[in-house]
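Below: the structure, in structure tokens.
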Amino acid sequence: MGAKHVGRQDPVPGECRGACDDSLWCGEGRVVEEFVMEQPIPPYLFAFAVGELGFREVGPRTKIYSEAVPGVLDAAAKEFSGTEEMIKVGEGLFGPYEWERFDLLVLPPSFPYGGMENPRMVFLAPTVIKGDLTGAQVVAHELAHSWTGNLITNKTNDHFWLNEGITTYAERRIVEAVQGKERAALNIGIGWKLLVEDMERFKDNMEFTKLKTNQQGVDPDDVYSRVPYEKGFQFLWRIERQAKNHIDLKVWTEGTGIPPDAMEPASDIYAEIVSLANEFKVGRMPNEDEVADWGGQEWELYLENLPKSVEASQVLALDARHRLSEKKDYEVKVAFLQLAIASRCSNYYSEVEKTLKEVGRMQYLRPLYKALVQGTGKEEEKTFAKRVFSEACLLSPYSSGRR
Ligand SMILES: [Zn+2]
Numbered sequence: 346m347g348a349k350h351v352g353r354q355d356p357v358p359g360e361c362r363g364a365c366d367d368s369l370w371c372g373e374g375r376v377v378e379e380f381v382m383e384q385p386i387p388p389y390l391f392a393f394a395v396g397e398l399g400f401r402e403v404g405p406r407t408k409i410y411s412e413a414v415p416g417v418l419d420a421a422a423k424e425f426s427g428t429e430e431m432i433k434v435g436e437g438l439f440g441p442y443e444w445e446r447f448d449l450l451v452l453p454p455s456f457p458y459g460g461m462e463n464p465r466m467v468f469l470a471p472t473v474i475k476g477d478l479t480g481a482q483v484v485a486h487e488l489a490h491s492w493t494g495n496l497i498t499n500k501t502n503d504h505f506w507l508n509e510g511i512t513t514y515a516e517r518r519i520v521e522a523v524q525g526k527e528r529a530a531l532n533i534g535i536g537w538k539l540l541v542e543d544m545e546r547f548k549d550n551m552e553f554t555k556l557k558t559n560q561q562g563v564d565p566d567d568v569y570s571r572v573p574y575e576k577g578f579q580f581l582w583r584i585e586r587q588a589k590n591h592i593d594l595k596v597w598t599e600g601t602g603i604p605p606d607a608m609e610p611a612s613d614i615y616a617e618i619v620s621l622a623n624e625f626k627v628g629r630m631p632n633e634d635e636v637a638d639w640g641g642q643e644w645e646l647y648l649e650n651l652p653k654s655v656e657a658s659q660v661l662a663l664d665a666r667h668r669l670s671e672k673k674d675y676e677v678k679v680a681f682l683q684l685a686i687a688s689r690c691s692n693y694y695s696e697v698e699k700t701l702k703e704v705g706r707m708q709y710l711r712p713l714y715k716a717l718v719q720g721t722g723k724e725e726e727k728t729f730a731k732r733v734f735s736e737a738c739l740l741s742p743y744s745s746g747r748r
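With the first letter of the sequence shown counted as 1, position 4 gets the number 349 in this note's numbering; the numbers rise by one all the way through.
As structure tokens, then:
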């Protein structure tokens, strides 16, 4: 449970202190529900969810909640069965877990984030349940916020990297302890590629490649990126490597771009995947044996390292061999569909449409829409994107928002 439910009363005139009219507050059928939570939190960590929820207990501090839809709870309970072990690892690294409960709530697919670190009850998108170890990595991230972000937090959004950079570092320390160094290296490698992409995205507005930014008059959603996460992680990782050597703090926190002493991870699997991706450029695709034990993260890393666009025939050949368009893992599927769109391989546009209407996670929607509308001579794709967007808005419970 999040906050504790302590009572239900009839509303009393005046008690809402001007938040709305008494006629509304005390209207017919209204009741006042009272909740109490011992630990103080800042307003951005306040959230509530309403629904017909079921739950499974997976540890002494953890229940998993979701709408009582068959299959979802079982899959979630399986995916997150290692949560207590992660909490213990976190305590070993960062000190006692101060929030008493660490419950998880799996939301409907339209939830716009992968996870949100609401204290005592983390919110998760259902796409996080993939049947492999990567779902646990999102939980590791949200769990890490129990120390960095939730116990101590940034004063304003200009310092957002203090929350996310340190948490991404803490997440990977947990992943390293629970899943091993190679897994953590893949996770770092995927992050590195995203960071390099964000540098390209902000090349005309380098302010947002800084850790400490000036967001005066800027909508934080418009400049949301992996920079606070991945450059922030790189900064902490740099300190871990060589705390005794000189580190130019000003370059790291106030400078633009990627500092010269940031680095890609060194790992055999990572290097092998990147080199296989480079071979694609000269027309070689990995064979069945080479990908036999690849999970979602290996594929994600491979696809991220391919050229931005290739021949449509190469996209078809890649999919014929490895069935990437049919992957249940959205990280892989979306990376493949991005490649298909950029390569103007229209065979996959119906799959693109289905995905855009099915999920609400911004991490999937943004790159797909961007791939559709970016570049010249793509009138057909732009019309397609507009149609799908307006139809998807009608489907989504979150459609009354600004965007
Ligand atoms: Zn975070």
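By construction, the Cβ of each residue, glycine as well, lies at the ideal position given by its N, Cα and C atoms.
Between the stretch 480 to 492 and the stretch 729 to 740, the count of C-beta pairs closer than 8 Å stays below three; the two stretches do not touch.
Leaving aside the five residues that flank Leu478 on each side, the residues in its chain whose CB is nearer than 6 Å to its CB run, in chain order, Gln524. Remark: the C-beta of Glu575 is outside contact range of ligand 1, defined as less than 6 Å to any heavy atom.
A direct Cα-Cα distance of roughly 24 Å separates Thr512 from Gly705. One alpha carbon belongs to Val376, the other to Gly399, and they sit about 24 Å apart. Taking 6 Å as the cut-off, one finds at least one heavy atom of ligand 1 near enough to the beta carbon of Glu509.
Apart from sequence neighbours up to five positions away, the residues of its chain that approach Val636 with a beta-carbon distance below 7 Å are His667, ordered along the chain. The three-state reading of DSSP puts Asp366 in coil, since its state is none of H, G, I, E or B. Per the coordinates, the alpha-carbon of Ser695 lies some 42 Å from the alpha-carbon of Asn499.
Judged by the Cβ position, Thr512 qualifies as a neighbour of ligand 1 at the 6 Å threshold, a heavy atom of the ligand being closer than this. About 11 Å separates the beta carbon of Phe578 from that of Leu556, a gap too long to meet the 8 Å contact definition. Three or more Cβ pairs closer than 8 Å define a contact, and the stretch 669 to 682 falls short of that threshold against the stretch 553 to 568.
Ser411 sits close to Leu418, with the two beta carbons spaced by under 7 Å. The C-beta of Gln587 has fewer than 16 other C-beta atoms within 10 Å across all chains shown, which makes the residue exposed. The Cβ-Cβ distance between Asn463 and Ala394 does not fall below 7 Å.
Comparing C-alpha distances from Leu648 to each of Ser658, Asp664 and Asp638 shows the shortest one belongs to Asp664. Here the alpha carbon of Glu545 sits roughly 29 Å from the alpha carbon of Asn692. Residue nearest to Arg406 within the set Arg446, Gln384, Cys690 and Val473 is Arg446 (criterion: CA-CA distance). Per DSSP, Tyr615 lies in no beta strand (DSSP E); the unbroken alpha helix (DSSP H) holding it starts and ends at Asp613 to Phe625.
The shortest CA-to-CA distance from Ala657 to any of Leu646, Val677, Ile686 and Trp644 is the one to Ile686. Annotated as proximal: Ala422 and Ile409, with beta-carbon spacing under 7 Å. In the DSSP annotation of this structure, the continuous segment of the alpha helix (DSSP H) that includes Lys538 starts and ends at Lys526 to Arg546. The way I'd put it, the stretch 464 to 478 does touch the stretch 448 to 455; three or more beta-carbon pairs between them come closer than 8 Å.
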